[in-house]
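Below is one structure; the comments refer to it alone.
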C-alpha cells in the first residue's frame, strides 16, 4: 500500500510514524527521504508562487479552486521562509507492506490498517497493477520506482523530516524509581521516580478512582516500595486509618492514632528541634528567626480552629497567655533559651495545654477560652493534654485521625500536618513523600482566618521538596488537585473520564529535551499526564 501525496496531514506531532511502526505483526513500513538541491527548489518555489498569485487575482472567492490556490500560496510562503532559515528540502515516500498467513487474514489486516490511518486523517491506497514495482521498491535496495515516487512524494523541510523519526516509545521507566504497574497497551513496566526534577515539575501524585477501585491499596503499595528504598514515609489518614495498620506493623513503622480514646499524644505546643545544617550549607548562614514566635503563629491557627468565633481582643489576650506559658518553662524569643542545660543538645521540657489553661483561667478576660479549652485538658479529649509519647523519628509513620469527628477532626488534622511540616522543612535534600494524604484538603476550616489553612498546608508541602500523594474525593479542593503534576486513574468510568476521552495514555511530555508522543490523538493540551495502569 502507498500513501499518496495528498494523503498526509498538514500538521503532525513528533514521532507520528509510531502509529504505523507499532501497528503490530505483519505490518512493515518503508520510508524514503530524498534531499533536493536547495538552489533549484528555491527557484521553483518562487516561480510557482508567482503563477499562483496571478491565478488568484483572476479567480473569484466563490470559485471552487479559490481555496486550493490560496492554500498553495500559503504553503509556498511557508517553504520559502523555511528555506531562508537554513532548512533543507526533502521528498517523503511511505510504503506499507502487509503480510498474513491466509488471504482472509490479509484482507482483514488491510481493512483495519486503512481504518486506522483514516481515523488519523490520512489516506492510503493499494498499489493495484503496480504490485511488482512496489515489491521491488520495498526490497533493501534503497531505490524506489519512479512512477510510485511521483505518485506518493510529499514535500517537507528539515523539521518535518525530523518528526518522521520512527523509533519512539510510550514507556515510562525511570532510573531509581518504584514499580507502579504494567502498561496495558504494550505490557511494559511503569517505573516512576517522582523526585527526579529533570523529568517532572514536582513530586506530587493524585490518585483518582471510584469507590473500591483500590486507591488506598495503591497508595500503600507506593509507600511500602518507597520505604524499601530508604525514603521516609509519613501518611495522614483522615479516613479508614485502620487499613494502614497492618502494613505499618509489618515494616516496623510507627502507627499513631490521634483520638480521645487513644493513649497516643503529640504535644501541639511542642517546639521540635530541626536540623538546619543542610539548609545553611546550601544557602549559607541565614537570619536567626525566633522559634517561639513561629510556634505561636502556628498555635494561633490551632485556636482559630478550636474557637471559630474568637474576637480580636481575645486573640491578643491569647498571644500574651502563650508567651507567659512558655516563659514559665524558661523559653523566650531567644533561641538559646530552648536548650536544656541538664541535657545538652536537647530542648527543654515543653508546656502542654494544661499549663496554658491555668493561665487563661486565672484572668477574667480569658475565662471563656479556658472553658472551651477545658475539654482538651480535663474533659473527654484530655489525651491532647500530654507530652509527646510516641516516636516521631520512625521512617514509616502513619497518623490516623479517622476516629475524630466534628471540630476535633480539624484539630487532629492540624496536629498531624504541623508535625509533617516540621519534618518536611528539616532537610531539603532528602527525598521524602512526607504527606501521603487521603483527600487531606477536603475538610473546611470553620474560622474565617483559617479558612484556607488545609490548602495552604498542602501547598507548602508541595513546594518544600516533598512528594504529596492525594486521593481525590468529591470534597477535595480543586486548586490543590490541579497543581499536582502526575495523576493516576484507577477503574475509570465514563462519568469520571469525560474530560480525558480525547486521549488514553501518556500525554506528550518533554523528557531530556525530547518530546515523547502520545499513542492516541490529543485534541487538547492538558497540564498533567494521566496514567492508566494495571496494578502489579
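Numbering (my numbering), first residue to last: 4 to 539. Beta carbons: idealized from backbone N, C-alpha and C, even for Gly.
* **Which listed residue (346, 314, 295, 191) has its alpha carbon closest to that of residue 328** => 295
* Can residue 181 and residue 229 be called in contact, C-beta distance under 7 Å? -> yes
* In whole angstroms, what separates the C-alpha of residue 388 from that of residue 260? -> 15 Å
* To do: Would you list the one or two residues that DSSP bridges to residue 226?
  => DSSP, once it has assigned bridges, lists no residue as partnering residue 226.
* Spell out the partners DSSP gives residue 489 in its beta bridges. => 208
* Asked: Do residue 222 and residue 273 have their C-beta atoms closer together than 7 Å?
  -> no
* Inspect the beta-carbon positions of residue 320 and residue 391 and report whether they are closer than 7 Å. => no
* So residue 34 is in the beta strand (DSSP E); what residue range does that whole segment cover? -> 30-39
* To do: Starting from residue 97, trace the beta strand (DSSP E) both ways and give me its first and last residue.
  => 92-101
* Cβ contact (3+ pairs, closer than 8 Å) linking the region 366-380 and the region 339-347 -> no
* Between residue 408 and residue 241, what straight-line distance do the alpha-carbon atoms span, to the nearest angstrom? -> 10 Å
* Asked: Would you call the CB atoms of residue 127 and residue 113 closer than 7 Å?
  -> no
* To do: Name, in chain order, the residues that DSSP records as bridge partners for residue 260.
  => 403
* Alpha carbon to alpha carbon, how far is residue 402 from residue 90? Give it in angstroms, no decimals. => 60 Å
* To do: Please confirm if the region 162-174 is in contact with the region 11-18, defined as three or more CB-CB distances below 8 Å between the two stretches.
  => yes
* Pick from 135, 421, 325, 36: whose alpha carbon is nearest that of residue 362? -> 325
* Asked: What three-state label does DSSP hand residue 367 in the structure shown?
  -> helix
* Three or more C-beta pairs below 8 Å linking the region 328-341 and the region 242-251 -> no
* What separation, rounded to the nearest whole angstrom, lies between the Cα atoms of residue 118 and residue 107? -> 17 Å
* Given a threshold of 16 other Cβ atoms within 10 Å of its Cβ, counted over all protein chains shown, does residue 417 qualify as buried or as exposed? -> buried
* Taking residue 182 as part of the beta strand (DSSP E), name the residues at either end of that continuous run. => 181-186
* Asked: What's the call for residue 290, buried or exposed, on a 16-neighbour Cβ count within 10 Å?
  -> exposed
* To do: Enumerate in chain order the residues of its own chain whose CB-to-CB distance from residue 219 is below 7 Å, with the five nearest sequence positions on each side excluded.
  => 243, 246
* From what residue to what residue does the alpha helix (DSSP H) around residue 238 run? -> Residue 238 -> not in any alpha helix (DSSP H); beta strand (DSSP E) instead, spanning 236-240.
* Shortest alpha-carbon distance to residue 143 belongs to which of 31, 191, 423? -> 31
* Asked: In terms of DSSP beta bridges, what is residue 159 paired with?
  -> 93
* Would you be able to state if there are at least three C-beta pairs under 8 Å between the region 151-164 and the region 130-140? => yes
* Assign residue 126 to one of three DSSP states: helix, strand, or coil. => coil
* To do: Measure the beta-carbon distance from residue 239 to residue 36 and round it to whole angstroms, keeping in mind my assumption that it falls under 8 Å.
  => Contact flag wrong, Cβ pair sits at about 56 Å.
* **Through-space distance from residue 74 to residue 68, alpha-carbon basis** => 10 Å
* To do: Report all residues from its chain with a CB closer than 8 Å to the CB of residue 373; omit the five preceding and five following residues, and keep chain order.
  => 360, 363, 364
* Asked: Using the C-alpha atoms, what's the distance from residue 40 back to residue 122?
  -> 35 Å
* CA-CA distance, residue 310 and residue 350? -> 29 Å
* Excluding the 5 residues preceding and the 5 following residue 85 in the sequence, name in chain order all residues of the same chain whose CB lies nearer than 7 Å to its CB. => 160
* Asked: Where do the ends of the alpha helix (DSSP H) carrying residue 319 lie?
  -> 315-330
* To do: Name, in chain order, the residues that DSSP records as bridge partners for residue 176.
  => 194
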